[in-house]
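Student: For the record, in the sequence shown the residue sitting at position 197 is 197 according to this note's numbering, with numbers rising by one throughout.
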Amino acid sequence: MKVACYTGTKNLYPLMVPAVKSLIKNTTVDKVYLLIEDDDFPYPLPNFVETINISDQTWFKPGGPNMDSPFTYMAMIRAALCHIFPKINTILSLDVDTIFLKPCSEIWDLPIDNCYFAASQEPSRCRGGLLYCNTGIALYNLKKLRDGKADEIIEVLNRHAFDNLEQDVFSYLCQGFIYDMPSDYNVTNFTVPTTVKKVAHFAGCKDWSKKREYLQYKHTSWEDILANR
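(1) Beta-carbon within less than 7 Å of K218's beta-carbon, same chain only, minus the 5 sequence neighbours each way: which residues are those?
(2) Who are Q216's beta bridge partners in DSSP?
(3) Would you list the one or two residues that DSSP bridges to Q167?
(4) Roughly how many whole angstroms lie between the Cα atoms of W59 and I153?
(5) Quick one: give me the first and last residue of the alpha helix (DSSP H) that L139 is part of.
(6) My assumption, with CB atoms under 8 Å, is that L34 sits in contact with T51. Please give the rounded CB distance.
(7) If you run the structure through DSSP and keep just helix, strand and coil, what is D147?
(8) Can you have a look at L215 and say buried or exposed, based on whether 16 or more other CB atoms are within 10 angstroms of its CB?
(9) Report the rounded CA-to-CA distance for L23 versus S124, giving the unit in angstroms.
(10) When you compare each of D147, M1, S69, L15 to V32 by their alpha carbons, which one comes out closest?
(11) Let me make sure I understand the geometry here. Which of T7, P111, D68 has the alpha-carbon closest to that of L74?
(12) For N186 versus V199, is the C-beta distance shorter than 8 Å?
(13) Tell me whether V96 sits in a helix, a strand or coil according to DSSP, three-state version.
(14) What residues in its chain sit with their C-beta under 8 Å from that of T194, if we drop five residues either side in the sequence?
(15) Residues bridged to V199 by DSSP?
(16) What would DSSP say about I91, mapped onto helix, strand or coil?
(17) What residues in its chain sit with their C-beta under 8 Å from that of K206, if we drop five residues either side in the sequence?
(18) Any heavy atom of the ligand FAD closer than 7 Å to the Cβ of A203?
(19) Between I112, I77, I137, which lies nearest to D97 when the distance is taken from Cα to Cα?
(20) At the level of alpha carbons, what is the spacing between G204 and F71?
(21) Hey, Q167 and T135 are a contact pair by Cβ (cut 8 Å); roughly how many whole angstroms apart?
(22) Measuring alpha carbon to alpha carbon, tell me which residue in L226, L92, N114 is nearest E106.
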């Protein structure tokens, strides 16, 4: 089963919808989860898009070294996905500032059986043999992460502060078990330049919600999105 998830605080709720629409339009996703801070989501969603209130999560305590980060605990919660979804073995995790541009259901077929996750590298941070990846778009092998690696990542995030939260820790602790995902699936100013642009990721763009690609899906109805499913 092809499963995807997004995480978001209240201010990101309206921005989640166009992102999810683009995913559904361009992939054969079976189930989408939105990890949010409320019991109810204030926007209509199709029945295979489900919300989960994680505001009472216990993996990251108030006052922890990364809890005041501008990225919030909603980014770190990806380290706990294998526990949130104990019956799911693979999940595609996506930032809200991502838009699928072209059909690419094959993203779920990346060869990660022996890897903890697949994500696109950020070359400027790949120093000294380190494969450093941008986890704004990542395919996680939840089955393998249950071998204790996820708990190790959570424990480190609770002990030390990091500029890029779970992205830093996943990259540092999973060396040798990361699949370098083609940047076609994560087109940013930080990943390897590519002419094959399948998924736009507006990381670092303050005005990304005004981008043409984003507005296209903001103004597309659910009826049109679901017409060919």
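Positions of the beta carbon are idealized from the N, C-alpha and C atoms, including for glycine.
Tutor: Quick answer:
(1) Counting from 1 along the sequence shown, the entry for residue 218 is found at position 218. Sequence-distant Cβ neighbours of K218 in its own chain, meaning closer than 7 Å and more than five residues away, are P18.
(2) Walking along the sequence shown from the start, residue 216 turns up at place 216. According to DSSP, which records beta bridges pairwise, Q216 is partnered with nothing at all.
(3) Here residue 167 corresponds to residue number 167 of the sequence shown, with the count starting at 1. According to DSSP, Q167 bridges with nothing at all.
(4) By one-based count along the sequence shown, residue 59 stands at place 59. By one-based count along the sequence shown, residue 153 stands at place 153. Taken atom to atom, the span from the alpha-carbon of W59 to that of I153 is near 11 Å.
(5) As a working mapping, residue 139 is identified with position 139 in the sequence shown. Here L139 belongs to no alpha helix (DSSP H); instead the beta strand (DSSP E) covers 133-141.
(6) Numbered from its first residue, the sequence shown carries residue 34 at position 34. Numbered from its first residue, the sequence shown carries residue 51 at position 51. The Cβ separation is near 5 Å, so the contact holds.
(7) Residue mapping note: residue 147 aligns to position 147 of the sequence shown, counting from 1. Coil at D147, not helix or strand.
(8) The residue given as residue 215 occupies position 215 in the sequence shown. Per the 10 Å Cβ criterion, exposed.
(9) The residue you call residue 23 lines up with position 23 of the sequence shown. The residue you call residue 124 lines up with position 124 of the sequence shown. In a straight line, the C-alpha of L23 is about 28 Å away from that of S124.
(10) Sequence index remark: in the sequence shown, residue 32 carries index 32 (1-based). Among D147, M1, S69, L15, the Cα nearest to that of V32 is on M1.
(11) To locate residue 74, count along the sequence shown from 1; it is residue 74. In the sequence as displayed, the identity of residue 74 is Met instead of Leu. Comparing Cα positions, the closest option is T7.
(12) The residue you call residue 186 lines up with position 186 of the sequence shown. The residue you call residue 199 lines up with position 199 of the sequence shown. Cβ distance < 8 Å, so N186 and V199 count as in contact.
(13) The sequence position of residue 96 within the sequence shown is 96, counting from 1. Correct three-state label for V96: coil.
(14) The sequence position of residue 194 within the sequence shown is 194, counting from 1. For T194, where only same-chain residues beyond five positions count, the Cβ hits under 8 Å are P182, S183, D184, V187.
(15) Taking the first residue of the sequence shown as 1, we reach residue 199 at position 199. Answer by DSSP bridge pairing, in chain order: F100.
(16) In the sequence shown, the residue the question calls residue 91 occupies position 91. Correct three-state label for I91: strand.
(17) Here residue 206 refers to the residue found at position 206 when the sequence shown is read from its first residue. Once the five neighbours on either side are set aside, K206 has no close Cβ partner at all.
(18) Ligands displayed in this structure: none; no statement on the ligand FAD is therefore possible.
(19) In the sequence shown, the residue the question calls residue 97 occupies position 97. Among I112, I77, I137, the Cα nearest to that of D97 is on I137.
(20) Here residue 204 refers to the residue found at position 204 of the sequence shown. Here residue 71 refers to the residue found at position 71 of the sequence shown. The alpha-carbon atoms of G204 and F71 are separated by roughly 12 Å.
(21) As a working note, residue 167 is residue 167 in the sequence shown. As a working note, residue 135 is residue 135 in the sequence shown. 4 Å between Cβ atoms; contact.
(22) Numbered from 1 along the sequence shown, position 106 holds the residue referred to as residue 106. Nearest of L226, L92, N114 to E106, Cα basis: L92.
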